[in-house]
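Right, one structure below, let's go through it.
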Amino acid sequence: MGKQLAVNKVIIVGAGPSGLILGILLAKEGVKVQILEASHELDKNPRAAHYAPSAVYELERAGVLDEVKAKGIHPDAVCWRHPDGTFIAGIKSRFDIPHPMVCLPLDQLDVILLNHFEAQPNAEVLWKHKVESIDQDENEARAHVESPSGKQTFGADFIIGCDGANSQIRRSLFGDLNYPGETLQSQIVATNVYYDFTKFGYWDSNFIIDENDWYMAARITKDGLWRVTYGDTWGLSNEEYLKRQPERFEKILPGHPKPGDYKLVSASPYKLHQRCAESFRVGRFLLAADAAHLCNPFGGLGLTGGIADVGSLFDALVALKSGKADDSILDKYSEVRIEKWQKIINPMSRANFKRVCLDESEESRNEFWALCKKMEEDDELAKQMSQGTNVLREDFKEYITA
Ligand SMILES: Cc1cc2nc3c(=O)[nH]c(=O)nc-3n(C[C@H](O)[C@H](O)[C@H](O)COP(=O)(O)OP(=O)(O)OC[C@H]3O[C@@H](n4cnc5c(N)ncnc54)[C@H](O)[C@@H]3O)c2cc1C
67 MGKQLAVNKV
77 IIVGAGPSGL
87 ILGILLAKEG
97 VKVQILEASH
107 ELDKNPRAAH
117 YAPSAVYELE
127 RAGVLDEVKA
137 KGIHPDAVCW
147 RHPDGTFIAG
157 IKSRFDIPHP
167 MVCLPLDQLD
177 VILLNHFEAQ
187 PNAEVLWKHK
197 VESIDQDENE
207 ARAHVESPSG
217 KQTFGADFII
227 GCDGANSQIR
237 RSLFGDLNYP
247 GETLQSQIVA
257 TNVYYDFTKF
267 GYWDSNFIID
277 ENDWYMAARI
287 TKDGLWRVTY
297 GDTWGLSNEE
307 YLKRQPERFE
317 KILPGHPKPG
327 DYKLVSASPY
337 KLHQRCAESF
347 RVGRFLLAAD
357 AAHLCNPFGG
367 LGLTGGIADV
377 GSLFDALVAL
387 KSGKADDSIL
397 DKYSEVRIEK
407 WQKIINPMSR
417 ANFKRVCLDE
427 SEESRNEFWA
437 LCKKMEEDDE
447 LAKQMSQGTN
457 VLREDFKEYI
467 TA
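One gets my numbering by counting positions in the sequence shown from 1 and adding 66 to each.
So, in structure tokens, the structure goes:
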């Protein structure tokens, strides 16, 4: 039998996209929300850009979608090519579905989210507040923080770890090295670059498949900024990866460009992880998004999965706050979201990556190309597939008892 617990004040650790979306949703429901953020500013690295229909649904619920659409783009199609640019198969985007995919670089999305969060009277971000340890009792959860005014403690009804892949909340709950899963033995370098791929006939999103020279090239802004994410040799230092970027571009990109032929805006090497925490709830502490699970970025399921967590957690907390559910709904949150990662996010993201680096059987590859072909001819199938990520959402109404 669960307990009725108050949800008057919530602390969210991390002013990344998941923390800010959850903060906006909860603050609009009258919950006092404090975000503790270690950095002095929003993250600027080249990371997420594409948000699938399930994520767009939550952006709409948070009231930010019109602004995201106005600043972003709706990619028209995705395709797969050989290294010489030869087209293999493609899928045209559908705009006749409820929440078509939107693309906007994460640093720009974060600015919109922060403005909406700070516009709420009961919401604040405390910058340069790094959570170092935690504890809890039957009345509240507490975060012990290093801040510009020294060590401080903040308490709330619940504390939610939206503090990313290296989450201190997760490490404090389960141990520093306890993030079950694996690091794939593949290296990527994500870059933002101005280079005209359209003159080579490239579509808005392109996956170039190859054992060594695989990459993704996707237009991510209206003014022609492209995200190029490519693979490189395993085991080098970040400095070495960045040094090798010009020769990698010259080797793999269409037209074999030299540095003067493009304008590089940013570049970041990343390791690829497939990991999921053993639980997303311990008492008054909860985990969401990268703090709770990780996947490789091919297919854009990372934050899309994280935003789906946030939608579920919001529904669960609101049900608890209004007395329509007891705190066992938070265990249900953990159970449901772990299952979504295990059954959908982990296998799908692995398959997307294996397709790009030719680490799957020819038979599965051909099956996938045949599916793309079928979607060209079968309108209903195409419509259904383009809304596929909606399976990441969960309707929490069925867990509400009152
Ligand atoms: C190259 C690349 C491309 C990607 N593309 C896509 C895509 O197209 N679509 C998609 O859905 N996903 C994509 N992803 C994944 C996506 O970027 C992440 O899932 C997402 O950024 C995670 O958001 P988050 O809010 O969980 O964490 P983060 O964005 O990592 O934010 C965590 C915040 O917590 C703060 N923090 C950390 N520790 C502490 C502490 N101790 N105290 C206080 N604050 C703390 C950090 O400073 C940070 O601001 C991509 C990832 C990469 C690397």
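The beta-carbon is built from N, C-alpha and C at its ideal position, and this holds for glycine as well.
In this text, all values refer to a predicted model and were calculated from it rather than measured experimentally.
A buried status is given to GLY85, since no fewer than 16 other beta-carbon atoms sit within 10 Å of its beta-carbon. Runs of the alpha helix (DSSP H) lying entirely within the region 363 to 442 and spanning at least 4 residues, in chain order: 368 to 387, 394 to 406, 412 to 422.
Here the C-alpha atom of GLN202 lies approximately 21 Å from the C-alpha atom of PHE380. Here ALA72 is exposed, its C-beta having fewer than 16 other C-beta atoms within 10 Å.
In terms of side-chain proximity, the C-beta atom of GLU103 is found nearer than 6 Å to a non-hydrogen atom of ligand 1.
For GLU464, there is no enclosing alpha helix (DSSP H), as DSSP marks it with neither H nor E. For ASP289, no beta strand (DSSP E) run applies, since DSSP gives it neither H nor E. Boundaries cannot be given for TYR245, as no beta strand (DSSP E) includes it and DSSP labels it neither H nor E. GLN70 sits in coil when the DSSP states are folded into three classes, being neither helix nor strand. Between ILE373 and GLU124, the CB-CB gap stays under 7 Å. Between ligand 1 and LEU302, a heavy atom-to-CB distance of less than 6 Å is absent. Secondary-structure assignment with DSSP links GLN450 through no beta bridge to anything.
When C-alpha distances from ARG421 are compared across PRO413, ILE318, ARG431, the shortest belongs to ARG431. Looking from the CA of VAL259, the closest CA among CYS342, ASP327, LEU243 belongs to ASP327. With respect to ILE275, TRP407 sits apart: the two C-beta atoms are not nearer than 7 Å.
As DSSP reads the structure, PHE153 sits in a beta bridge with ARG147. When C-beta atoms of the region 239 to 246 are compared with those of the region 276 to 288, fewer than three pairs fall below 8 Å, so the two segments do not count as touching. Rounded to whole angstroms, the gap between the alpha carbons of ILE226 and ILE77 is 6 Å.
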